[in-house]
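Residue numbers (my numbering), protein chains in the order written: chain A, 1 to 112; chain B, 1001 to 1110.
In this text, a Cβ means the ideal position worked out from N, Cα and C, and glycines have one as well.
Quantities reported herein were computed from a predicted structural model and do not represent experimental measurements.
Since the structure comes first, as structure tokens, the remarks are kept for the end.
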């Protein structure tokens, strides 16, 4: 079974630029999550999708972050414009029911 | 709001030692608790998942226990090896909400 795929693996941008991350969950997993992990901390949930609907986006900074999962499969997370404090690893995870979450390798973002 | 705490933040042990990592959570009404391993620069790898109705799960040298009433979970690693060096995170799941601890950074010295 293929795991959760993410791209790119690394991205360096300057502040005020835009960036987008892509995630393809495990086939058949209805729930998809985007997390932000700042160095030395545990992951923080940004947004959770159930199929193509948003379940929870309470911690998503909506003035600059957006995410979509139009066909209920893969998803994109966008930051526009980026700030220095957005430097982090962005993790995508998927799950099927209560079987636990499976994580992708993450995208490491550095904002200069 | 669920809060998950992991103690210690860092741990260094010699190879071969048995060790325990601790995880505590404030809201005992959890659906499950999951332990993950994270290597530097990598994503999270699921180690063990304990459903709320279970008290422990085992996989190889790893054993995780769950005591909902006291809001605690432990991850026991037997006969530690240098390859076990990583950050270990626990996460509680309830009401569609998964909360992570900050992790314990484990170093096993040869």
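CB contact below 8 Å: residue 25 of chain A versus chain B | Locating residue 25 of chain A in the first chain gives position 25, where the first residue counts as 1. Chain B has no Cβ within less than 8 Å of the Cβ of residue 25 of chain A.
Going by the CB atoms, is the gap between residue 102 of chain A and residue 1046 of chain B shorter than 8 Å?
-> In the second chain, the residue the question calls residue 1046 of chain B occupies position 46. In the first chain, the residue the question calls residue 102 of chain A occupies position 102. Yes, the pair counts as a contact, with Cβ atoms nearer than the cut-off.
Within chain B, the residues that residue 21 of chain A reaches when beta carbons sit closer than 7 Å = Indexing the first chain from 1 puts residue 21 of chain A at position 21. Residues of chain B with a Cβ closer than 7 Å to the Cβ of residue 21 of chain A do not exist, since the nearest Cβ in that chain sits about 13 Å away.
Only counting runs of 4 or more residues, tell me where the alpha helix (DSSP H) segments fall wholly within the segment 1056-1094 of chain B, in order along the chain.
-> Fully contained in the segment 1056-1094 of chain B is no alpha helix (DSSP H) run of length 4 or more.
Neighbouring residues, chain A, relative to residue 1031 of chain B (Cβ below 8 Å) | Within the second chain, numbered from 1, the residue matching residue 1031 of chain B stands at position 31. Close partners of residue 1031 of chain B in chain A (Cβ separation under 8 Å): 98.
Under 9 Å by beta carbon: chain E residues contacting residue 1022 of chain B | Given the protein chain composition of this structure (A and B), no chain E is represented.
What in chain A is Cβ-close to residue 1103 of chain B, meaning under 7 Å?
-> One-based indexing of the second chain puts residue 1103 of chain B at position 103. By Cβ distance, chain A contributes 42.
Which residues in the same chain have their Cβ closer than 6 Å to the Cβ of residue 1031 of chain B, if we skip the five residues on either side of it in sequence?
-> Your numbering for residue 1031 of chain B matches position 31 in the second chain. Closer than 6 Å at the Cβ level, and outside the excluded window around residue 1031 of chain B, lie 1052, 1093, 1094.
Going along the segment 31-65 of chain A in order, which residues come within less than 9 Å of chain B, judged by CB to CB distance?
-> Taking 9 Å as the Cβ-Cβ cut-off against chain B, the residues of the segment 31-65 of chain A that qualify are 31, 33, 35, 37, 40, 41, 42, 43, 44, 45, 48, 50, 55, 56.
Apply the 10 Å Cβ neighbour rule to residue 1039 of chain B and answer buried if 16 or more other Cβ atoms are within range, or exposed otherwise.
-> As a working mapping, residue 1039 of chain B is identified with position 39 in the second chain. With fewer than 16 Cβ atoms within 10 Å of its Cβ, residue 1039 of chain B is classed as exposed.
Own chain, CB closer than 7 Å to residue 28 of chain A, minus 5 neighbours either side, in chain order | For the purposes of this step, residue 28 of chain A is taken as the residue at position 28 of the first chain. Closer than 7 Å at the Cβ level, and outside the excluded window around residue 28 of chain A, lie 96.
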